[in-house]
Amino acid sequence: MKPAISFGLSDGGHGGGSGGAGGQTQLKTVSVAFATQATSHVWFPGNGDKYYGAEATLDVYGLALGLNQSSQAGIWIANKGDGQPSSMNGIQIGWHISPGVYNDSQTHFFVDWTSAGADKHCLNMLCPGFKKTSSIITPGDVISPVSATNGNKQYVTLKLFKDKSTGDWHVHYGFNGDAKPVGFLPKSFLPGMIYKPVEINFGGLVYHSKPQTSPPMGNGYLPTRGAAATFSSLKLISEDGNGHPVTTNLPIRMTRPSCYPMSWMDAKGGFSYGGPGCAD
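If you're matching positions, the sequence shown starts at 1 in full-length UniProt numbering and goes up one per residue.
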């Protein structure tokens with residue numbers, strides 16, 4: 001199985017493993033059938049607009065998950081090629097809880113990319129690819145503290161974009177503050193996204209092994225409850241590097257809307273999402 005899951009980029013298999021923060025987890029292969037559910041607002045290329053990046057602020061939570069469960073939220077950008085896994089290229093960043101990867105149920109910052117579907121796929125810095133430039137944050141690091149559903153909120157600001165001059169994919173991250181550079185993935189690792197339009201997603205994803213119940217997404221609350229997890233201050237980043245606030249609705253994609261719904265976007269570029277999980 002692959003060592004990470006991807007928002008619509010691959011089939012979602014994980015290897016179990018042990019290790020700690022900083023993305024230096026040692027993984028082992030397991031043979032388990034996983035179910036994956038995703039919920040997102042999506043920007044599709046077209047209508048003359050050219051965007052190659054995104055930014056958003058998310059409240060970040062902790063969840064008590066089992067070994068073969070994972071829950072995450074973030075930004076993912078992809079070119080799906082001809083629709084077959086063999087032509088898929090994409091990169092995503094965000095926060096997740098994934099005990100099978102880290103051997104804990106803490107919340108981690110992550111960077112995940114795939115090229116040609118399952119053939120080339122890497123999480124954090126487990127294999128050659130991502131070039132870290134920050135001395136403060138490393139993909140895979142624990143995020144602490146996290147939000148209390150009915151108390152103090154903690155936020156991460158994420159920014160992912162293609163540099164116009166180099167074509168490399170740059171990652172910025174901020175905890176309760178502005179997003180600062182973390183590093184970049186050279187364009188050579190995502191050949192299917194060179195000079196190609198991309199699809200941009202904001203949302204959440206969960207996976208679990210059957211017959212387990214699917215895990216919570218966000219903070220486990222439905223958007224209709226008023227206390228659900230949120231995204232805010234969404235921006236689309238144009239090829240010149242400028243951010244453009246999202247002030248109108250983006251299309252919604254949900255694989256299981258009865259279990260993990262999301263709200264329409266508000267005028268300030270925000271929405272709520274998630275749910276407690278469902279039985280298959």
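For each residue, glycine too, the CB sits at the ideal point set by N, CA and C.
Where the beta strand (DSSP E) through residue i begins and ends
i: residue 99; result: Where residue 99 is concerned, there is no enclosing beta strand (DSSP E), although the alpha helix (DSSP H) it sits in stretches over 99 to 102.
i: residue 70; result: 69 to 79
i: residue 207; result: 199 to 209
i: residue 126; result: Residue 126 -> no beta strand (DSSP E), and no H or E assigned at all.
i: residue 235; result: 229 to 238
i: residue 185; result: 180 to 185
i: residue 59; result: 51 to 59
i: residue 34; result: 34 to 43
i: residue 245; result: 243 to 245
Classification of residue i by the beta-carbon crowding that lies within 10 angstroms, buried from 16 upward
i: residue 266; result: exposed
i: residue 275; result: buried
i: residue 141; result: buried
i: residue 178; result: exposed
i: residue 43; result: buried
i: residue 258; result: exposed
i: residue 327; result: With the chain running from 1 to 280 in the structure shown, residue 327 is simply not present.
i: residue 239; result: exposed
i: residue 92; result: buried
i: residue 279; result: exposed
i: residue 72; result: buried
i: residue 122; result: buried
i: residue 8; result: Note that residue 8 scores a pLDDT of 45, beneath 50, so its modelled location is shaky and nothing firm can be said.
i: residue 124; result: buried
i: residue 261; result: buried
DSSP state of residue i mapped onto helix, strand, coil
i: residue 269; result: coil
i: residue 251; result: coil
i: residue 24; result: Because residue 24 carries a pLDDT of 34, less than 50, the predicted location of this residue cannot be relied on, and no value is offered for it.
i: residue 112; result: strand
i: residue 166; result: coil
i: residue 262; result: strand
i: residue 138; result: coil
i: residue 224; result: helix
i: residue 90; result: strand
i: residue 83; result: coil
i: residue 192; result: helix
i: residue 157; result: strand
i: residue 62; result: coil
i: residue 171; result: strand
i: residue 275; result: strand
i: residue 46; result: strand
Of the residues the options, the one placed nearest residue i, counting alpha carbons only
i: residue 63; options: 214, 268, 226 and 91; result: 214
i: residue 148; options: 84, 219, 52 and 46; result: 219
i: residue 210; options: 39, 66 and 199; result: 66
i: residue 246; options: 199, 232 and 110; result: 232
i: residue 161; options: 144, 143 and 186; result: 186
i: residue 236; options: 263, 174 and 159; result: 159
i: residue 105; options: 156, 181, 268 and 146; result: 146
i: residue 243; options: 36, 50 and 83; result: 50
i: residue 112; options: 89, 229, 100 and 99; result: 89
i: residue 228; options: 249, 193 and 153; result: 153
i: residue 135; options: 70, 180, 155 and 254; result: 180
i: residue 193; options: 34, 52 and 206; result: 52
i: residue 190; options: 269, 41, 48 and 78; result: 78
i: residue 40; options: 255, 151 and 47; result: 255
i: residue 103; options: 133, 129 and 69; result: 69
i: residue 171; options: 252, 221, 59 and 74; result: 74
i: residue 143; options: 260, 223, 34 and 157; result: 157
i: residue 81; options: 208, 251, 271 and 196; result: 196
i: residue 201; options: 48, 216, 55 and 47; result: 55
i: residue 94; options: 100, 234, 76 and 150; result: 76
i: residue 114; options: 86, 99 and 261; result: 86
i: residue 225; options: 150, 109 and 248; result: 150
i: residue 97; options: 261, 273 and 206; result: 206
i: residue 285; options: 184, 155 and 175; result: The shown model of the chain, from 1 to 280, leaves out residue 285, and the question about it has no answer.
i: residue 130; options: 37, 188, 155 and 58; result: 188
Residue i Cβ short of 7 Å to the ligand ATP heavy atom set
i: residue 255; result: For the structure depicted, the ligand ATP is absent and the ligand set is empty, with no information on it obtainable.
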